[in-house]
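Residues in the sequence shown are numbered consecutively from 201, following the numbering used here.
From the three backbone atoms N, C-alpha and C, an ideal C-beta is built for every residue, glycine too.
Heads up, the thing below is written out as structure tokens.
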Amino acid sequence: MFIRSFQDLVFAKTKLIPCGKVSTYKLLAKAVGRPRAARAVGNALNKNCNAKVPCHRVVRSDGKVGGFRDGTAAKIKILQKEGVEAVKEKVSLKKYLYKFR
């Protein structure tokens, strides 16, 4: 029996967020079955070294872009290249939110 680590689950779900959309740490935590683990999701994503895991697409529940290993400005730049507009370090969740199914 293969048991996936929490970090593996977070990375797998993060890969589902399409280009041009964002999700939140809280929704991602719910998607991996740990609804109260938003902070742990952030910690897992901070350790990401795999370019195939689009951790830049995960933002705070209030729409603020939140942290990023390469800095907030770099996260915003990547999001903007993907068509996600950030105004004052905040994205519109009404417009860009991806909800996991």
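When only Cα atoms are considered, Gly-263 and Lys-290 end up about 5 Å apart. Annotation for Leu-245: the continuous alpha helix (DSSP H) segment containing it runs 238 to 246.
Just so you know, the alpha carbons of Lys-277 and Val-265 end up roughly 11 Å apart.
Secondary structure at Val-210: helix, using DSSP grouped into helix, strand and coil. Gly-233 has its alpha-carbon roughly 19 Å from the corresponding atom of Arg-257.
Within the DSSP secondary-structure output, Leu-297 pairs in a beta bridge with Val-222.
Taking a C-beta distance under 7 Å as the contact criterion, Thr-214 and Val-253 qualify as a contact pair.
Contact check for Tyr-296 against Val-284 passes: the beta carbons are separated by less than 7 Å. Shown here for Val-210: same chain residues with a beta carbon closer than 7 Å to its own, the five before and five after excluded, namely Leu-228, Val-232, Val-241, Ala-244 and Leu-245 in chain order. In this structure Lys-275 is buried. Its beta-carbon is surrounded by 16 or more other beta-carbon atoms within 10 angstroms.
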